[in-house]
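If you read the sequence shown in the numbering used here, its first letter stands for residue 17, the second for the next number, and so on.
Have a look at the structure below, then the notes.
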Amino acid sequence: MFCPDYQNLTDEELAYLVNQGEHSAFAVLVKRHSTKFYAVAFRMLRTREQAEDIVQDCFLKFWQNPSNWNSKKGVKFTTWFYRVVINKCYDALKKSKELRLDENFDIEDETKNAEKMIDEEKRDRILNNAFLVLSKKQKTAIALSFIEGAKNQESAEIMGLSLKGFQSLLMRSKVALKEKFLQSGGIYG
Numbered sequence: 017m018f019c020p021d022y023q024n025l026t027d028e029e030l031a032y033l034v035n036q037g038e039h040s041a042f043a044v045l046v047k048r049h050s051t052k053f054y055a056v057a058f059r060m061l062r063t064r065e066q067a068e069d070i071v072q073d074c075f076l077k078f079w080q081n082p083s084n085w086n087s088k089k090g091v092k093f094t095t096w097f098y099r100v101v102i103n104k105c106y107d108a109l110k111k112s113k114e115l116r117l118d119e120n121f122d123i124e125d126e127t128k129n130a131e132k133m134i135d136e137e138k139r140d141r142i143l144n145n146a147f148l149v150l151s152k153k154q155k156t157a158i159a160l161s162f163i164e165g166a167k168n169q170e171s172a173e174i175m176g177l178s179l180k181g182f183q184s185l186l187m188r189s190k191v192a193l194k195e196k197f198l199q200s201g202g203i204y205g
């Protein structure tokens, strides 16, 4: 029996095969990208369970209706799917009205003194509060660029903007975040 090597196919080729009902192609897409999509959802939602549910739901909806991604539009599968996940996160956030910047999950060095830890917590709290005041688009631009490390071109595609439009949005977002941070008592530098 002929079994194609799906690992060597592009995401777009796999998505096409999913549209043809190929279970194995779907499994490869899930395995290849679920961690990335989960990371975005987790950073936006801040709960493991909710992030897992959203990513699973997005993959399930893609499995049920793979024609929602249209290769003829010239959009990469991952760009389209990031947008699906982000939109689903926005829907969840509308319900919970919560969005915070990623907190530092590293185990704190035992030698850090308590005063320094308190200062860092205060700075993080001020930064999170400043982040909450940004618009959805500004939050997404900051999250994609600085939390996910996405390149500007990819971020622009995910957000449905031109490269110049995204760069302008990112610049305004950074300025707004800095202003809110300083207004809230943060020390910049």
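Just so you know, even glycine gets a beta-carbon here, dropped at the ideal spot from N, CA and C.
Asked	Found
Can you tell me the Cα-Cα spacing of Glu68 and Thr95, whole angstroms?	19 Å
One question on the structure: do Leu45 and Ala31 come within less than 9 Å of each other, judged by their Cβ atoms?	yes
Spatial neighbours of Asn152 within its chain, please: C-beta separation below 7 Å, excluding the five flanking residues on both sides.	Note on identity: in this sequence residue 152 is Lys, with Asn being the wrong assignment. Result list for Lys152: Tyr106, in chain order.
Taking the alpha helix (DSSP H) that Asp27 belongs to, which residues open and close that run?	Asp27 to Asn35
Check Asp21 in the structure and name its three-state DSSP category.	coil
Excluding the 5 residues flanking Ile174 on each side, which residues of the same chain have their C-beta closer than 6 Å to its C-beta?	Thr95, Tyr98 and Arg99
Any idea what DSSP makes of Arg188, helix, strand or coil?	helix
Quick one, are the C-beta atoms of Cys74 and Lys104 less than 9 Å apart?	yes
Leaving aside the five residues before and after Val71 along the sequence, list all residues of the same chain whose C-beta is less than 7 Å from its C-beta, in chain order.	Ser50, Phe53, Tyr54, Ala57 and Val101
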